[in-house]
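Numbering (the numbering used here), first residue to last: 1 to 143.
Ideal Cβ positions, reconstructed from N, Cα and C, are used throughout, including at glycine.
Quick caveat, the model's predicted, so the values are computed rather than measured.
For reference, the structure is listed below as structure tokens.
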Amino acid sequence: MQLAPEASRIPSRPFSKRAARRLIQRAFVLAGRDKRVRQHIREAHLTSLWTIQDWNLAWTVVLHRGRFEFERRPAKVPDLSLTWRTAAEFFDQVEAGVPAQGAFELEGRQELRRFCGPVLNGFFASLRHVLSNPVDDKGESLL
1 MQLAPEASRI
11 PSRPFSKRAA
21 RRLIQRAFVL
31 AGRDKRVRQH
41 IREAHLTSLW
51 TIQDWNLAWT
61 VVLHRGRFEF
71 ERRPAKVPDL
81 SLTWRTAAEF
91 FDQVEAGVPA
101 QGAFELEGRQ
111 ELRRFCGPVL
121 NGFFASLRHV
131 LSNPVDDKGE
141 SLL
């Protein structure tokens with residue numbers, strides 16, 4: 001089996017960084033509505049920094065007692081940092097639906113890492129849905 005070139009692994013619809021940020025933000029809104037995800041994070045209180053290095057794209061997600069808060073600015077002192085080297089690696093994981101070991105870097109306090117699995121799984125499921133149907137609650141396009 002031959003691997004596809006890097007560029008072809010990015011979703012078929014090219015979109016800007018601004019659109020990517022809107023899609024990601026929408027996915028976190030949807031993940032925050034998922035009762036299974038909220039149940040796993042109901043005791044969490046942490047600030048996480050998410051970064052895609054090759055796009056120079058970073059955002060902050062604050063978990064507070066079962067709720068997500070998305071911020072477009074990077075956190076200065078996050079409790080956890082999740083970093084993907086390339087957007088292709090990030091979107092490959094989204095398509096696969098599970099975070100792959102070694103495909104991203106996770107840094108931060110050890111006791112808080114247990115919240116990452118449920119959040120990543122819920123976020124990936126939501127982002128797959130948003131990528132297949134990129135509209136908000138009002139039916140307006142996110143692209």
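For serine 81, the secondary structure class from DSSP, reduced to helix, strand or coil, is strand. The beta carbon of histidine 129 lies closer than 8 Å to those of Ala27 and Leu30 in the same chain, with the five residues before and after it left out. In this structure, leucine 57 places its C-beta atom within 8 Å of the C-beta atom of arginine 21.
In the DSSP secondary-structure assignment, tryptophan 50 is bridged to Trp59 and Leu82. For glycine 32, the enclosing alpha helix (DSSP H) has its first and last residue at 17-33. In the three-state reduction of the DSSP assignment, glycine 108 falls in the strand class, which pools E and B.
Ranked by Cα distance from threonine 51, the first of Arg42, Val61 and Ala44 is Val61.
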